[in-house]
Amino acid sequence: EAQVTQNPRYLITVTGKKLTVTCSQNMNHEYMSWYRQDPGLGLRQIYYSMNVEVTDKGDVPEGYKVSRKEKRNFPLILESPSPNQTSLYFCASSFLPERGGHEQYFGPGTRLTVT
Amino acid sequence: AQSVSQHNHHVILSEAASLELGCNYSYGGTVNLFWYVQYPGQHLQLLLKYFSGDPLVKGIKGFEAEFIKSKFSFNLRKPSVQWSDTAEYFCAVSYSGTYKYIFGTGTRLKVLA
C-alpha cells in the first residue's frame with residue numbers, strides 16, 4: 280500500500296531534550312516536506328527536500344533541522360525543543376512538479392507536546 | 005510575502021445546502037492551486053488541483069473549483085453538501101519555479117443532518 284508513515288504519532292517531551300520525528304514513504308517520490316499545523320494558522324511549511332542531499336527552508340524553519348540521506352526517509356530533528364514547538368506535524372511527499380507531481384501525500388501526523 | 009487567504013473560518017450548513025468556500029492568493033507569477041480536505045481523525049487528502057487548462061476543475065465527491073486569474077481566486081464549490089462533508093478544508097498554492105507550498109488557514113465546515 281502506498282503510504283507515508285510517521286513515528287512517533289504522539290510525543291510528550293521536556294524543553295531542551297533533543298528529539299527526532301521520522302518520516303518514510305514507499306512511493307519513490309523525490310519531493311518530501313514537513314509542515315506544522317496550529318489552530319488559526321493552518322499548515323506552515325518547515326523544510327522541504329527535492330531529492331537526496333537537497334533541502335531548503337520553508338516559511339518556519341527556525342528551531343528545526345532535517346536531513347535527506349536516503350530517498351525514502353526525511354527525518355525532522357528538534358535539537359532543543361521549546362514549548363512554542365508544541366504542534367501537530369505532518370510529513371508529505373510527491374513527485375517533483377516538473378515530473379507532473381502536484382499532489383502531495385500526507386502522513387498521519389505527529390502530535391508533539393513540549394513542556 | 006506570498007500568502008493564501010481563506011475568508012471563512014467556520015461554516016455551518018444544513019444538508020443539501022450549497023457550499024462556496026473562498027480562497028485568494030497573492031500575486032507571484034504562474035501558480036498551481038489545490039484544495040485539500042482533512043476529515044476528523046484522518047490524513048489530509050487532495051480534493052482537486054489546477055495547474056493549467058480549463059479553469060473549472062472537478063474533483064472527488066462532487067466538489068469543483070474555479071480559477072479566476074484576474075481575481076487571484078480559486079473558490080471551492082459543491083451544489084449540495086452531505087453530512088459526510090463535515091471536515092476542514094485547506095486551499096494551497098505553489099508558484100511555478102519554486103518548490104514551496106503555502107497553505108491557507110483552513111475552513112471548518114460542519115454539515116447538520
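Respectively, the protein sequence lines represent chains A and B. Quick note: the first sequence, position 22, residue 301 per the working numbering, numbers continuous. Quick note: the second sequence, position 4, residue 8 per the working numbering, numbers continuous. All residues carry an ideal CB built from backbone N, CA and C; glycine is no exception.
Cross-strand partners of residue i (DSSP beta bridge)
i        : result
Ala69/B  : Val61/B and Leu80/B
Met306/A : For Met306/A, which the question treats as bridged, DSSP gives no partner whatsoever.
Cys95/B  : Trp39/B
Ala371/A : Ser312/A and Phe385/A
Phe107/B : Ala96/B
Leu391/A : Leu290/A and Ser366/A
Residue closest to residue i, alpha-carbon to alpha-carbon, out of the options
i        : options                                 : result
Val41/B  : Gly101/B, Tyr99/B, Cys95/B and Leu116/B : Cys95/B
Ser84/B  : Leu116/B, Gly45/B and Val35/B           : Leu116/B
Tyr43/B  : Val393/A, Trp313/A and Phe385/A         : Phe385/A
Phe78/B  : Tyr54/B, Ala21/B and Leu50/B            : Tyr54/B
Gly13/B  : Ala20/B, Ala5/B, Leu25/B and Ser7/B     : Contrary to the premise, residue 13/B reads as His rather than Gly in this sequence. Comparing Cα-Cα distances from His13/B to each of Ala20/B, Ala5/B, Leu25/B and Ser7/B, the minimum goes to Leu25/B.
Leu320/A : Tyr103/B, Gly101/B and Glu92/B          : Glu92/B
Counted within 10 angstroms of its Cβ, other Cβ atoms place residue i as buried (16 or more) or exposed
i        : result
Leu391/A : buried
Trp87/B  : exposed
Val61/B  : buried
Ser18/B  : exposed
Arg315/A : buried
DSSP-derived helix/strand/coil call for residue i
i        : result
Asn363/A : helix
Lys75/B  : helix
Asp317/A : strand
Glu377/A : helix
Ser22/B  : coil
Ser88/B  : helix
Where residue i meets chain B, residues with beta-carbon distance less than 8 Å
i        : result
His395/A : Any property of residue 395/A remains undetermined from this structure, which presents chain A solely from 280 to 394.
Ser320/A : According to the sequence shown, residue 320/A is Leu rather than Ser. Under the 8 Å cutoff, chain B gives Thr109.
Partner residues on chain A for residue i, Cβ-Cβ distance less than 7 Å
i        : result
Lys114/B : In chain order: nothing, as chain A lies at least about 16 Å away.
Closer than 9 Å at the beta carbon, the chain A residues around residue i
i       : result
Ile17/B : Here residue 17/B turns out to be Leu, not Ile, going by the sequence shown. Ordered by position in chain A, no residue passes the 9 Å Cβ test against Leu17/B, which lies about 21 Å from the chain.
Chain-ordered neighbours of residue i on chain B, where CB pairs are closer than 9 Å
i        : result
Gln324/A : Lys104, Tyr105, Ile106 and Phe107
Met311/A : Going along chain B, no residue has its Cβ under 9 Å from Met311/A, so there is no contact; the nearest lies around 11 Å.
Partners in chain B for residue i, counting only beta-carbon separations shorter than 7 Å
i        : result
Pro387/A : His47
Partners in chain A for residue i, counting only beta-carbon separations shorter than 8 Å
i       : result
Leu50/B : Glu382 and Gln383
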